[in-house]
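Heads up: the sequence lines are chains Z and C, in that order.
Numbers 1023 to 1187, taken from this note's numbering, label the letters of the first sequence in order.
Numbers 1379 to 1730, taken from this note's numbering, label the letters of the second sequence in order.
Here's the structure we're looking at; comments come further down.
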Amino acid sequence: MKLKKATKLLRNKCAVSAVISSVILTGAVIAVSFVVLVWAQYRSESYNEQYGEAIDSDIARLKERLAFEYVFYDRSGGNLKVYIMNCGTINDVTVQTVYVSNDTWTYSFSSISLKFLDDTPTESLSKGSEGYFSLSLPTPLTSKAIYHVKIVTGRGSIFETTFIA
Amino acid sequence: MKPHLLLKKKLEKIVHDSRGFSAIIGTVFMVLVALLLCTNVFLWTLSQNTLYNEAVKERNQLDVDRLNERVKAFNAVYDWNDGEVSVSADLQNQGPLSVQITNLWVKDIDKDLYNCSGPLDVNLEPGGASTLEINVTIIGSESGDRFSSWLITGRGNVVPLQAREIKEITVAEVAAGIGAISMDFSNFKYYNVTKQGASYFLENYAAGGKEGYVVSFSRDIAFQVNLTNYDVNIPPRDIVLSSGSLLWMLFPTLPNQPRCRWWYIVNVDDNGKIAATFTPVTLKHSQSKIVFFASAQDTSGGFIPSPSGASGGGSLKLPAPGVVNLMLVGNWAVGISNFGQNVPFVTIYVKP
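So this is what it looks like as structure tokens:
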């Protein structure tokens, strides 16, 4: 009985084109839907990743803190030694750029050779560790005048202090 | 037809009409997917914002803690010895948080030299106090140089060390502003000396002595003097009193025959027992110390009790006032310089 009905349906050519078109249309809609779904998923994941990275970067920057222990200007050699300590809650604090300035000029130093207090070179300071870097100033500083030192870390945090030459 | 029957009929028609059903299902499916994605992004953003807010709170707390840190470092004394600067200071944590001291920096002001101690691990509980004694090597520094120093705390604060204060009143306390040692006039006492076996004791030592300005004649006595070292030298020095120090009393009997008596410095233990031999007494800077005078001779030769009154006391008409000089000899604890000071400080009235 069923076989007879199926044979009859196949032999009946009246609505075949409508069925085929419906199937094709449905398939196309499903395919496009899945493409849109995958694209939307990809975009949302990409957004999540970028947002997460931005937040992580901000959090890391918030955890950074440098304390200035001493700033010493060697008048005879024209060198400025800046002693710092990582008193934040994150490791691997690097010194990216240092600015020395007064009211009229600013010198920037980008290749900073950081050292521990025992003169061992280091790339970064871990939590609680102390270090220093030395800057060779192009012009001598005026005695008893006030100058500013600004440190920009690798994560983009900024720490400033003043000293009297 | 009534409205509710019309609505029912329309609903039945929609349910039984299979056309357009797939579109509805598809729409519902797409809406669900869109909601799912939005929810995912929203929750993720929320969780990240929560992390950020926690980091901000942590940072603010650290800032608050750093601002609340209050450490006082005072009574700083610098002692130079062959390029090594010994720094001693009193520390007091006056804040509500425990404090860790991580480094000490010392600067030679005169030579513009500096160095640090390296990592320290000194912890101060809230309200706690401690004494810091650190040696820092400053190559090129010399004796007599002036120094300054500061501490670094674990939270990154800088605590300057305040040098020991030399009060102006100190000069007034020291006799006529001369000499380094002053005497506390309100704490000048005397004891009767008694012999028990082979040893000599201060009578009623535990109860404290009697006021020293009026004494009885002829008993063996000992005087108690409270001395303070107010050396104004930088750095301040300790003073070591030797056995030659004595308390000398002079009576004006006849114009050409003054009478006198003296009591050499002695050591007294916690039970009031006078030591048979003498150990030099060190007066630390800014510290007060009770010193006893009781021996008729320099105790490097042994202790002999000395009575009240005067030698040749027959010509001494009592009661009689006697002028007292505190003759202190010894040396500065640092170096080899000798020390000597005469403090003409009180008059004693000797009664029969």
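Beta carbons: idealized from backbone N, C-alpha and C, even for Gly.
3-residue-minimum beta strand (DSSP E) runs that sit fully inside the stretch 1606-1659 of chain C, ordered along the chain: Counting only runs of 3 or more residues that sit fully inside the stretch 1606-1659 of chain C, the beta strand (DSSP E) segments are 1617-1619, 1624-1632, 1635-1644, in chain order.
For residue 1528/C and residue 1105/Z, the rounded distance between their alpha carbons: Roughly 13 Å separates the two Cα atoms.
Counterpart residues of residue 1488/C in DSSP-defined beta bridges: Residue 1488/C is not bridged to any residue.
Other residues of its chain near residue 1686/C: CB distance less than 7 Å, five sequence neighbours each side excluded: Contacts found: 1593, 1594, 1595, 1596, 1597, 1599, 1728.
Among 1052/Z, 1101/Z, 1041/Z, 1115/Z, nearest to residue 1162/Z - alpha-carbon criterion: Closest option to residue 1162/Z, Cα to Cα, is 1101/Z.
Reference residue 1701/C, options 1660/C, 1638/C, 1642/C, closest by Cα: Ranking the options by Cα distance to residue 1701/C, first place goes to 1638/C.
Contact check, residue 1449/C vs residue 1502/C, beta carbons under 8 Å: It is a contact, given that the beta carbons lie within the stated cut-off.
Secondary structure of residue 1483/C, DSSP reduced to three states: In the three-state reduction of the DSSP assignment, residue 1483/C falls in the strand class.
Separation of residue 1719/C from residue 1557/C, as counted between CA atoms: Whole-angstrom Cα-Cα distance: 6 Å.
Residues near residue 1630/C in its chain [Cβ-Cβ closer than 7 Å; skip 5 each side]: Taking residue 1630/C as the centre and dropping the five residues before and after it, the same chain places the C-beta of 1636 closer than 7 Å to its C-beta, in chain order.
Beta-carbon proximity of residue 1091/Z to residue 1145/Z, cut-off 8 Å: The criterion of a C-beta distance shorter than 8 Å is not satisfied by residue 1091/Z and residue 1145/Z.
Closer than 8 Å to chain Z by CB, residue 1423/C: Output row for residue 1423/C: interface = yes.
Continuous beta strand (DSSP E) stretch holding residue 1091/Z: start and end: According to the DSSP assignment, residue 1091/Z belongs to the beta strand (DSSP E) that extends over 1088-1096.
For residue 1578/C, the three-state DSSP class (helix, strand or coil): In this structure, residue 1578/C counts as strand in the three-state DSSP scheme.
DSSP-derived helix/strand/coil call for residue 1549/C: For residue 1549/C, the pLDDT reaches just 44, beneath the cut-off of 50, and the residue's location in the model is therefore unreliable, although a value from the coordinates is still provided. In the three-state scheme derived from DSSP, where H, G and I count as helix and E and B as strand, residue 1549/C is classed as helix.
Span separating the alpha-carbon of residue 1466/C from that of residue 1684/C: Taking the straight line from one Cα to the other gives about 41 Å.
Limits of the unbroken beta strand (DSSP E) element including residue 1457/C: Element bounds for residue 1457/C: 1449-1459.
Contact the stretch 1080-1088 of chain Z vs the stretch 1054-1071 of chain Z: 3+ CB pairs below 8 Å: Flag = no, the stretch 1080-1088 of chain Z and the stretch 1054-1071 of chain Z do not touch.
Contacts of residue 1426/C in chain Z (Cβ-Cβ under 7 Å): Those within 7 Å of residue 1426/C in chain Z are 1073, 1074, 1077.
C-alpha gap between residue 1553/C and residue 1625/C, whole angstroms: Low confidence applies to residue 1553/C: its pLDDT is 44, below 50, so where it sits in the model is not reliable, and the reading given next is rough at best. For residue 1553/C and residue 1625/C, the gap between their C-alpha atoms comes out near 15 Å.
When 1703/C, 1564/C, 1579/C are compared against residue 1571/C, the one with the closest alpha-carbon: It is 1579/C.
Own chain residues within Cβ distance below 7 Å of residue 1452/C, not counting five before or after: Around residue 1452/C: 1467, 1468, 1540.
Residues bridged to residue 1408/C (per DSSP): In the DSSP assignment, residue 1408/C forms no beta bridge with any residue.
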